[in-house]
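Asks:
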Amino acid sequence: MRSGLGMYLPILSICIILISNYSVVGISTDEMIAEKSMSFSFKEPSIMSTDGFVSIELSESNGSIIITGYPLLPSQVKVFRLPFGSKVLDVKVDVYDSYKLPLEKKITPSPTPYIIGSKPDIDLNQINYDFNIYPEDWFRYDLGAGIYKEKRYLFVTVELYPVRYLPREDKILVAKSMDIDIEYIPPLDKSFVDPTSDHRFVIISPADFVGEIQPLVDHKIHRGISTRLVTLDEIYNGVYFPAQGRDDAEKIKYFIKDAIENWDTTFVLLVGDVNHFPARETHIKVSDSDKEIFVSDLYYADIYNETYSFSSWDTNDNDVFAEYNWNNNTDDIDFHPDVYLSRIPCIDRNQVSDVVNKIIQYENNKAYTQDWFTNIITAGGDSFPGDSVDEGEYVNEAVIKIMNTFIPNKIWDSNGRLGGYSPSGLSEIESAFNDGAGFVDFSGHGNPTTWATHRHNASIWIPTPAGGLFSSQISNFKNGNKLPIVITGACSVGKYNSNSNCFSWSFVANPYGGGIASMGATALGYAYVGKYVTYGLIEGMVLDMFRAYKTGALTFGEIWVDGLNRYIRGHLDAGDYKTILEWQPFGDPALAIAEESNPPEQPTINGPSHGKPGEEYTFEAQTTDPDGDKIYYLFDWGDGSYSNWIGPSTSGETIQATHIWKEKGNYNVRVKAKDEHGVIGPWSDPITISMSKSKARYDTIFHLDIHQLRLLRTLFFHYLLYSSC
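Just so you know, we're using the numbering used here here: the sequence shown kicks off at 49 and counts up by one.
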C-alpha cells in the first residue's frame with residue numbers, strides 16, 4: 049500500500065456528496081490522461097461537552113482520525129476504483145471557505161486499543177496537545193490493488209480532514225467544502241487477463257483429499273461455476289505453470305497469480321490444516337508485550353501491490369514475512385485481496401467429506417430463501433468490566449442495526465439469557481441454533497477453543513453453566529441443515545494452527561449442524577473500550593463484515609473481501625495491521641448466500657388502532673415486487689413476537705394476519721416482505737394499536753364454577769361480619 053500527501057491517520061466521518069464525474073482532460077502521445085473528481089460540502093460541526101473535554105461531530109460522518117495520544121476528530125473517506133493497470137499522476141484536494149470556531153475545552157482524546165481480556169488502565173491526561181495544527185494537512189491518500197464484484201481495480205482511498213485542531217488557539221479550522229481531483233492514465237490494454245481457459249473457481253488440495261473434494265467440483269460445475277481441482281504436488285512440480293518461489297507457500301501464491309492471469313480465476317479454496325497445507329507466518333510487533341507470530345491466509349489472496357507487481361509480503365528480502373516494527377523492519381503490504389479466498393482446515397478425509405456434504409446441501413436447499421435464514425443470533429455481555437458500557441451487547445446492537453431486516457435473537461447478560469441456569473446460557477445458544485439463523489455474532493473474549501464474556505461490571509465468566517462456550521460443545525450441536533455464518537469478535541478463536549478443532553472452525557467441522565462458514569482471529573485481538581468499541585479494531589472488523597453482506601455480497605468470499613476493503617481505509621497502525629492479517633475465513637468462498645434480485649417495495653399496513661387484551665385483531669399488508677416475484681410477509685407485533693412468514697402471494701395482492709396481545713399498552717406494528725429469492729425489502733412504517741384494560745377483568749366472575757362461587761359468597765359474608773364489628 050502506498051500513501052501520499054498529508055499524514056498517517058484512520059477513519060469514521062462525514063458529508064454530502066454533490067458532484068461526481070469522469071472526464072478525459074488530455075492526450076500525451078498515445079497515452080490518454082483521464083480525471084475523476086468529487087465534491088463534498090460540510091455542515092457546521094456540533095461541539096459537545098463531555099467528561100471534561102469537547103467532542104466534535106459532523107453529520108453523515110463515515111470515519112474518524114484515531115491515533116492514540118492525539119485528539120479524536122471526524123474524517124471523510126472516499127474510495128475511487130480505477131481500471132486495473134491505471135497509473136495515478138496526481139491527487140489534489142481544493143478547500144473552500146474555511147473558518148474557525150472557538151472551543152471552551154480541549155478535544156477528547158482518541159480511544160486506546162486494548163487486548164481483549166486485558167484490564168484497561170485509561171489515563172485521559174496522556175495526550176499530546178503540543179502542536180500548532182492537527183492534522184498537518186487537509187487530506188491523505190493510499191493506493192492499492194484489489195478485487196470488487198469479481199473485477200480487479202486500483203483503489204485510490206482519499207481521506208479528507210474537514211476539521212483540523214488548533215490547540216494553542218483553542219479553536220478548530222473547518223472546511224465548508226472540498227473538491228477531490230484525481231488525474232491518471234488508464235491502461236491501454238483494457239483486458240488485464242488473457243485466459244487460455246476459464247476456471248473461475250480453483251480448489252487447491254493435497255492429493256490425499258482429491259476423492260472427497262471431487263463431489264464439490266462436480267456440484268459447482270453443475271451450478272454453472274467453472275471449477276478446477278489442483279493438487280499441491282501439481283503446483284510444486286509445475287504441471288500447469290512453471291513453479292517459482294522460495295518455499296512451498298510462495299509457490300502456491302505464484303500459482304494463484306498465474307491462475308488469475310491465465311484462467312481468469314476469482315475464487316480460491318484452500319483444503320487442509322497446517323499439517324497438509326502450508327500457512328504463512330506473520331510478524332507484527334504491537335508492543336513490547338505483544339510480539340506474537342501468527343498465521344494469515346490473506347497472504348494467499350493479496351497477489352498484487354499498487355504497481356501491479358507481485359506482493360511478496362517481504363519487501364526487504366530478509367525471508368521474514370509481513371513485518372511491522374519487527375526488529376525495526378516493516379514490510380510494505382498492499383492488504384487488498386485479489387481473489388475471494390477461504391480455507392477448510394480439514395484434518396482427514398472424513399472431515400473433508402463432511403464439510404463438502406454440508407456445502408452441497410446448503411446450496412441445493414437455497415438456505416438463504418428459507419424462513420429461518422432471516423433470524424440473527426447475537427450473544428454478548430460486558431467485555432471490559434469497570435465502565436457503564438457492556439461492550440459485547442453494544443456491538444451486538446450495532447450488528448442488529450446493520451442487519452435491520454433480520455429478526456434478532458438476543459442472548460445477553462442483561463436479559464438473563466446468557467447467564468441463567470434454567471435454561472443455561474449454553475442451552476439458550478443451542479436452542480437458538482436449532483431454531484435456525486442466517487448469521488451469528490459472538491462478541492467477547494476467546495482462546496483457540498473457547499468464547500466467553502462477563503456479567504455487567506463483574507469478573508464472573510458466562511455463558512453458564514461452565515463459564516464459556518467450548519469447541520467440544522459446538523461439535524455436539526445438532527441443528528441439521530439450519531446452518532448460520534458465524535462471526536466472532538474475540539482473541540484467537542480462529543487459531544487453527546494451534547488447535548485442529550479451534551472455536552471458529554468447529555462450527556464448520558460439525559457434521560450434524562453447527563455452521564456453514566465462520567470468521568475469527570488467528571491471534572490476540574484488540575478492541576477499544578466503552579462506546580468506542582465499534583470504532584475499529586476487531587469489533588470494527590466484525591461490523592464491516594456485516595456491512596459487506598448488507599451492501600450486496602452474494603458469496604461468503606465476498607463478505608470477507610468486501611469487509612476487509614472497508615476496513616483498509618485511512619491510517620493503519622500496528623493494531624490495525626494485526627486486525628487485518630489475523631482475520632481468518634473458514635468455509636467455501638464461492639458459497640452462495642444470496643441471489644441477485646430486486647427486493648420488494650416497502651409494504652403498506654392497515655389495521656385497528658384500539659383493542660383489548662385477549663382478543664384477536666386482523667391486519668392487512670400489501671406491496672409490489674419490481675421483478676414480479678412471489679412475495680412473503682412477516683409481521684412484527686411490537687410485543688417481542690413475530691408472525692411466521694406468510695405466503696407466497698402475488699405482487700400487489702393484499703394479505704391478512706391476526707394477533708392477540710396479552711397486556712395493555714401501546715404496540716407499534718410493522719411488516720416486511722421478501723421475494724422468492726430470499727431478498728428482503730424494508731420494514732413498513734409502523735402503525736400503533738393501543739390495548740386498554742382487558743375485558744376479562746370485568747367479566748371474570750361470570751366464568752367461575754359453582755364451587756368457586758360458593759367460596760366467594762362465604763368470603764363476602766365473612767367480610768361483612770368483621771367489618772361491622
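For each residue, glycine too, the CB sits at the ideal point set by N, CA and C.
(1) Compare the C-alpha of Tyr347 against each of Leu277, Ile181 and Glu298 and name the closest.
(2) Rounded to whole angstroms, what is the Cα-Cα separation between Glu309 and Val387?
(3) Taking the alpha carbon of Asp673 as the reference point, which residue from Tyr681, Phe667 and Met593 has its own alpha carbon closest?
(4) Using a threshold of 7 Å, state whether the C-beta atoms of Val258 and Phe203 are closer than that.
(5) For a quick check, are the C-beta atoms of Ile425 and Ala480 less than 7 Å apart?
(6) Which residue's Cα is closest to the Cα of Tyr560: Trp631, Val404 and Tyr284?
(7) Helix, strand or coil for Ile754? Go by DSSP, reduced to three states.
(8) Give the single residue among Phe634, Pro385 and Lys449 whose Cα lies nearest to the Cα of Asn353.
(9) Measure the Cβ-Cβ separation of Ile113 and Ser103 and say whether it is below 7 Å.
(10) Where do the ends of the alpha helix (DSSP H) carrying Trp553 lie?
(11) State the DSSP-derived secondary structure class of Phe325, mapped to helix, strand or coil.
(12) Tell me which residues share the same chain as Val648 and place their Cβ nearer than 6 Å to its Cβ, disregarding the 5 neighbours each side in the sequence.
(13) For Leu280, count the other beta carbons within 10 Å of its own beta carbon; 16 or more makes it buried, fewer makes it exposed. Which is it?
(14) Where does Lys84 land, buried or exposed, given buried means 16+ other C-beta within 10 angstroms?
(15) Answer yes or no: does any C-beta atom of chain B fall closer than 7 Å to that of Glu644?
(16) What is the residue span of the beta strand (DSSP E) that Ala669 lies within?
(17) So, are the CB atoms of Ile381 and Trp361 less than 7 Å apart?
(18) Going along the chain, which unbroken runs of the alpha helix (DSSP H) with 4 or more residues stay wholly within the stretch 476 to 541?
(19) From what residue to what residue does the beta strand (DSSP E) around Asn110 run?
(20) With a CB to CB cut of under 6 Å and the five nearest residues on each side skipped, what residues in its chain are close to Gly573?
(21) Excluding the five sequence neighbours on either side, which residues of its own chain have a C-beta within less than 6 Å of the C-beta of Phe358, listed in chain order?
(22) Rounded to the nearest angstrom, what separates Phe594 and Val577 at their Cα positions?
(23) Which class does Gly695 belong to by DSSP, given the choice of helix, strand or coil?
(24) Which residue from Tyr469, Ile607 and His502 puts its Cα closest to that of Ile533?
(25) Go ahead and pull the three-state DSSP assignment for Asp396.
(26) Please determine, among Asp367, Tyr189 and Gly542, the residue with the shortest C-alpha to C-alpha distance to Val136.
(27) Between the C-alpha atoms of Leu620 and Asp367, what's the straight-line distance to the nearest angstrom?
(28) In this structure, how does DSSP classify Pro637 when only helix, strand and coil are distinguished?
(29) Please list, in chain order, all residues of the same chain as Gly516 whose beta carbon is under 7 Å from its beta carbon, the five residues on each side excluded.
Replies: In this structure, then:
(1) As a first step, residue 347 is located in the sequence shown; it is residue number 299 there, counting from the start. Checked all of Leu277, Ile181 and Glu298; the closest Cα to Tyr347 is Glu298.
(2) On the sequence shown, residue 309 is found 261 positions in, with the first residue counted as 1. On the sequence shown, residue 387 is found 339 positions in, with the first residue counted as 1. A straight line joining the alpha-carbon of Glu309 with that of Val387 spans about 12 Å.
(3) Counted from its first residue, the sequence shown places residue 673 at position 625. Of the listed residues, the one whose Cα sits closest to Asp673 is Tyr681.
(4) Position 210 of the sequence shown, counted from the first residue, corresponds to residue 258. Position 155 of the sequence shown, counted from the first residue, corresponds to residue 203. Between Val258 and Phe203, the C-beta gap is not smaller than 7 Å, which leaves the two residues out of contact.
(5) In the sequence shown, counting from the first residue as 1, residue 425 sits at position 377. In the sequence shown, counting from the first residue as 1, residue 480 sits at position 432. Yes, the pair counts as a contact, with Cβ atoms nearer than the cut-off.
(6) As a position in the sequence shown, residue 560 is number 512, starting the count at 1. Here the closest residue by C-alpha is Val404.
(7) In the sequence shown, residue 754 corresponds to position 706, counting from 1. Per-residue confidence for Ile754 stands at a pLDDT of 45, beneath the threshold of 50, marking its modelled position as unreliable; the derived number appears in the next sentence. In this structure, Ile754 counts as helix in the three-state DSSP scheme.
(8) On the sequence shown, residue 353 is found 305 positions in, with the first residue counted as 1. Minimum Cα distance to Asn353 is reached at Pro385.
(9) Translated into the one-based positions of the sequence shown, residue 113 becomes position 65. Translated into the one-based positions of the sequence shown, residue 103 becomes position 55. No, the pair does not count as a contact, with Cβ atoms beyond the cut-off.
(10) Here the question's residue 553 lines up with position 505 in the sequence shown. Start and end: Phe551 to Ala557.
(11) Translated into the one-based positions of the sequence shown, residue 325 becomes position 277. In the structure shown, Phe325 sits in coil (DSSP, three-state: anything other than H, G, I, E or B).
(12) Translated into the one-based positions of the sequence shown, residue 648 becomes position 600. Correcting the residue type first, residue 648 is Pro in the shown sequence and not Val. Around Pro648: Thr671, Asp673, Ile679, Ala721, Asp723 and Gly729.
(13) Counting from one through the sequence shown, the residue named residue 280 turns up at place 232. Buried is the call here.
(14) Along the sequence shown, read from residue 1 onward, the residue named residue 84 stands at position 36. Classification for Lys84: buried.
(15) Protein chain content of the structure displayed is limited to a single chain, and chain B is not contained in it.
(16) Against the sequence shown, residue 669 aligns to sequence position 621. Under the DSSP assignment, Ala669 falls in the beta strand (DSSP E) whose first and last residues are Glu664 to Gln670.
(17) Taking the first residue of the sequence shown as 1, we reach residue 381 at position 333. Taking the first residue of the sequence shown as 1, we reach residue 361 at position 313. Their beta carbons are under 7 Å apart, which means Ile381 touches Trp361 by this criterion.
(18) Counting whole runs of 4 or more residues, the stretch 476 to 541 contains the alpha helix (DSSP H) stretches 519 to 522.
(19) Translated into the one-based positions of the sequence shown, residue 110 becomes position 62. It spans Asn110 to Ile113 - the beta strand (DSSP E) in which Asn110 sits, taken as one unbroken run.
(20) As a first step, residue 573 is located in the sequence shown; it is residue number 525 there, counting from the start. For Gly573, the CB contacts under 6 Å within the same chain, skipping 5 residues up- and downstream, are Ile164, Cys539 and Ile586 in chain order.
(21) For the purposes of this step, residue 358 is identified with residue 310 of the sequence shown, where counting begins at 1. Nothing listed; no residue qualifies.
(22) The residue labelled residue 594 in the question sits at position 546 within the sequence shown. The residue labelled residue 577 in the question sits at position 529 within the sequence shown. Those two C-alpha atoms are separated by around 21 Å.
(23) For the purposes of this step, residue 695 is taken as residue 647 along the sequence shown, with counting starting at 1. In this structure, Gly695 counts as strand in the three-state DSSP scheme.
(24) The residue given as residue 533 occupies position 485 in the sequence shown. Just measuring C-alpha positions, the residue of Tyr469, Ile607 and His502 sitting nearest Ile533 is Ile607.
(25) Along the sequence shown, one-based indexing puts residue 396 at 348. Here Asp396 sits in coil by DSSP.
(26) In the sequence shown, the residue the question calls residue 136 occupies position 88. Closest by alpha carbon: Tyr189.
(27) The residue you call residue 620 lines up with position 572 of the sequence shown. The residue you call residue 367 lines up with position 319 of the sequence shown. If I take the Cα positions, the gap works out to 23 Å.
(28) On the sequence shown, position 589 is the one that residue 637 refers to. Three-state DSSP puts Pro637 in coil, outside helix and strand.
(29) Along the sequence shown, one-based indexing puts residue 516 at 468. Hits under 7 Å: Thr498, Trp499, Ala500 and Trp509.
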